[in-house]
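*Asks:* Following UniProt numbering, the numbering of the sequence shown begins with 1 at its first residue and continues without gaps. Built from N, CA and C at the ideal position, the CB exists for glycine as well. The structure presented is a predicted model; accordingly, all values stated were derived computationally and were not measured.
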Amino acid sequence: MNELENFMLEGNIKTLLFKFSLPAITVFLANVLYNIIDAIFIGNQANGSLGIAALTIVFPIQQIILALSQMIGVGIASITSRSLGAGNKLRAEKAVGTALTSSILLGILIMVVGLVFIRPILYIFGSLENILPYAVTFFRITLYCSVFYVFSIVANSIIQSEGHANIAMISMIIGPLINIPLDYILVTRLKYGIKGAAIATDISQIICFIFLLVYICFNSKILGAKVKNLTINIKLLKEAISLGLSTFMTQLAYGIVAIVLNNSLKIYGGSDLYISAIGIYNRIFGFITITMYGIRQALQPIIGFNYGAKKFDRVKQSLKLAILASVVISLGFLVIIIGFTNKIAGVFTSDNELIALTVPILRVIIFMSPLVGVQVIASSFFQYIGKPKPALFLSIMKPFLFLIPLMLIIPIFLKVTGIFVSVPLADFLAAMISLIFIYREIKKMNELNLIQGKNKNASVQENFEANNINENSRQI
Numbered sequence: 001m002n003e004l005e006n007f008m009l010e011g012n013i014k015t016l017l018f019k020f021s022l023p024a025i026t027v028f029l030a031n032v033l034y035n036i037i038d039a040i041f042i043g044n045q046a047n048g049s050l051g052i053a054a055l056t057i058v059f060p061i062q063q064i065i066l067a068l069s070q071m072i073g074v075g076i077a078s079i080t081s082r083s084l085g086a087g088n089k090l091r092a093e094k095a096v097g098t099a100l101t102s103s104i105l106l107g108i109l110i111m112v113v114g115l116v117f118i119r120p121i122l123y124i125f126g127s128l129e130n131i132l133p134y135a136v137t138f139f140r141i142t143l144y145c146s147v148f149y150v151f152s153i154v155a156n157s158i159i160q161s162e163g164h165a166n167i168a169m170i171s172m173i174i175g176p177l178i179n180i181p182l183d184y185i186l187v188t189r190l191k192y193g194i195k196g197a198a199i200a201t202d203i204s205q206i207i208c209f210i211f212l213l214v215y216i217c218f219n220s221k222i223l224g225a226k227v228k229n230l231t232i233n234i235k236l237l238k239e240a241i242s243l244g245l246s247t248f249m250t251q252l253a254y255g256i257v258a259i260v261l262n263n264s265l266k267i268y269g270g271s272d273l274y275i276s277a278i279g280i281y282n283r284i285f286g287f288i289t290i291t292m293y294g295i296r297q298a299l300q301p302i303i304g305f306n307y308g309a310k311k312f313d314r315v316k317q318s319l320k321l322a323i324l325a326s327v328v329i330s331l332g333f334l335v336i337i338i339g340f341t342n343k344i345a346g347v348f349t350s351d352n353e354l355i356a357l358t359v360p361i362l363r364v365i366i367f368m369s370p371l372v373g374v375q376v377i378a379s380s381f382f383q384y385i386g387k388p389k390p391a392l393f394l395s396i397m398k399p400f401l402f403l404i405p406l407m408l409i410i411p412i413f414l415k416v417t418g419i420f421v422s423v424p425l426a427d428f429l430a431a432m433i434s435l436i437f438i439y440r441e442i443k444k445m446n447e448l449n450l451i452q453g454k455n456k457n458a459s460v461q462e463n464f465e466a467n468n469i470n471e472n473s474r475q476i
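1) Could you have a look at F340 and say whether DSSP puts it in helix, strand or coil?
2) Between L106 and V74, which are expected to be in contact by the criterion C-beta below 8 Å, what is the C-beta distance as a whole number of angstroms?
3) Look up E239 in the DSSP assignment and say whether it is helix, strand or coil.
4) Residues in its own chain within less than 6 Å of A92 by CB, not counting five upstream and five downstream?
5) Please classify Y439: is it buried, with 16 or more other beta-carbons within 10 angstroms of its beta-carbon, or exposed?
6) Using the rule of at least 16 other Cβ atoms within 10 Å of the residue's Cβ for burial, across every protein chain shown, is G87 buried or exposed?
7) If you draw a straight line from the alpha carbon of V113 to that of A200, how long is it in whole angstroms?
8) Give, in chain order, every unbroken run of the alpha helix (DSSP H) that is at least 4 residues long and sits entirely within the region 160-227.
9) Report, in whole angstroms, the separation of the C-beta atoms of T98 and I121, which I expect to be a contact under 8 Å.
10) Between the C-alpha atoms of A253 and F400, what's the straight-line distance to the nearest angstrom?
11) F367 by DSSP, collapsed to three states: which one?
12) When you compare each of A95, G373 and F348 to residue 477 by their alpha carbons, which one comes out closest?
13) Spatial neighbours of V32 within its chain, please: CB distance less than 7 Å, with the 5 preceding and 5 following residues excluded, ordered by chain position.
14) Counting only the same chain and skipping the five closest in sequence on each side, list residues whose C-beta sits under 7 Å from that of I194.
15) With a Cβ-Cβ cutoff of 7 Å, do L394 and S379 count as a contact?
16) Closest to L115 by C-alpha separation, out of R140, I153, G304 and Q62, would be which residue?
17) Going along the chain, which unbroken runs of the alpha helix (DSSP H) with 4 or more residues stay wholly within the region 297-327?
18) In terms of residue numbering, what span does the alpha helix (DSSP H) encompassing A92 cover?
19) Looking at C-alpha atoms only, which residue of M292, Y268 and Y384 is the closest neighbour of P301?
20) By DSSP, does F125 sit in helix, in strand, or in coil?
21) How about the region 13-20 and the region 266-285: do they share at least three Cβ pairs that are nearer than 8 Å?
22) By the 10 Å Cβ neighbour count, where 16 or more other Cβ atoms means buried, how is G332 classified, buried or exposed?
23) How many angstroms separate the CA atom of G126 from the CA atom of E447?
24) CB I178 to CB I207, shorter than 7 Å?
25) Please list, in chain order, all residues of the same chain as L354 whose beta carbon is under 7 Å from its beta carbon, the five residues on each side excluded.
26) Here's the rule: buried if 16 or more other CB atoms are within 10 angstroms of the residue's CB, otherwise exposed. What is G163?
27) Restricting to Cα atoms, I'd like to know which of F420, L132 and I37 is closest to Y261.
28) Nearest to Q317 by alpha carbon, out of I442, F437 and F248?
29) Given that a residue counts as buried once 16 or more other Cβ atoms are within 10 Å of its Cβ, and exposed if not, what is V58?
30) With L50 as the anchor, note down where its alpha helix (DSSP H) starts and where it stops.
31) In angstroms, rounded to a whole number, what distance separates the CA positions of I110 and K310?
32) From this set, N342, A431 and S350, which residue's C-alpha is nearest P360's C-alpha?
33) With a threshold of 7 Å on Cβ separation, who are the neighbours of A426 within its own chain once the five nearest residues in sequence on each side are excluded?
34) Under three-state DSSP, which class holds Y384?
35) State yes or no: is the C-beta of N156 within less than 7 Å of the C-beta of S171?
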């Protein structure tokens, strides 16, 4: 057992969670800032509200692409962490090789399908005719770099799962750090508008890809990076997809939510400003989710290693601490955002009508947002311990069981306001169900601990009796 593995299995849980969550939170912060600054640059150009609306239409599609990448990355990361925790290095190497190869093929497939069906896809996700030219321009340009993007997401998950948190952090920060100044140059100075934002995104993704590729190729510490491992093991790929399916289904579900939301806004709102307001909300909501997603990512190697080593007390301690930290810190963000909603909305646009529309929408939608962390961590927890069925259910529960039905029913009575009221209500219901699942799993782990304790005591007793027999034999 090397030093890192020993730290995972014996180190202080608070220290571990802080060590691995800080890089992850830094990464999410960088990406949130990128999304916010991207929207600010575009929103303050001519026809800025249409630009923000276009980003809002494309955003859930990009999230589905991200989820497809994470389906492989998170699944393989779970296999890798548990394999290393159980001492099976060969299986971990094969899993990593499978992930890297699959990511390249997936990226090519996404690019081809996206370019062929670009307009139908954007229409399905709720694009209006006046938004479509902006959305097509941005989406088409970013599709060209799908291979680089998918590979980077998968490789980052692998590096994180093997405990190289700092490298994972650097790789995810590179993109936003390059993207932000490029946005300023291409969008603001050269007046390329939304086209410039898309080009900046592509350049940053290529540089991130190069960084990860060089690190993987020239660092012997990365398992599975050898050429002989760069094949697809169908059995491991199926297991990874099974474990990562909940991640994909979550984003697919929210893609369907976006379709329902955008089309409902057409019916009850009748203005593209509502879509722009949702775009501003998406960026601001990112601040609230920074901690919960950072902690979720940090939990993966901690829970994977300790669950694989059957250290259930450490698994429970990690889970409880993660949920508490997520809720408390997110609550702090919520208070700040509600207190300064007008000023925050005004940063994205100078359109007074859009600001007036965004403020009440934002305050209603984010009201229960700290509880989102409960569901996010709960579904990921079941992924990390190798239980895909409850992970999948918890991932799709909120959008399919609560959010979409509520968005279809409540607006019948409350019109456009009902669309926004549906979100905090769904957040609350999903959090309560998630806590029930967590309680039941902790109860099972307590029972396993009890069995382990009895077996350990029985083994000690047997050794004691055997020693006594040997001692008596020598005396005779």
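*Replies:* Working from what's here:
1) coil
2) So it is not a contact: roughly 14 Å between Cβ atoms.
3) helix
4) T80, S83, L84 and L223
5) exposed
6) exposed
7) 22 Å
8) 165-183 and 193-217
9) About 29 Å; that fails the 8 Å criterion.
10) 7 Å
11) coil
12) Residue 477 is absent from the model: the chain starts at 1 and stops at 476.
13) G286, F287 and I290
14) I42, G51, A54, Y134, T137 and F138
15) yes
16) R140
17) none
18) K89 to V116
19) Y384
20) coil
21) no
22) exposed
23) 49 Å
24) yes
25) S49, L273, S276 and A277
26) buried
27) The amino acid at residue 261 is misidentified as Tyr; the sequence shows Leu. When each option's Cα is compared against that of L261, the closest is F420.
28) I442
29) buried
30) G48 to G85
31) 39 Å
32) N342
33) K398, F402, L403 and L406
34) helix
35) yes
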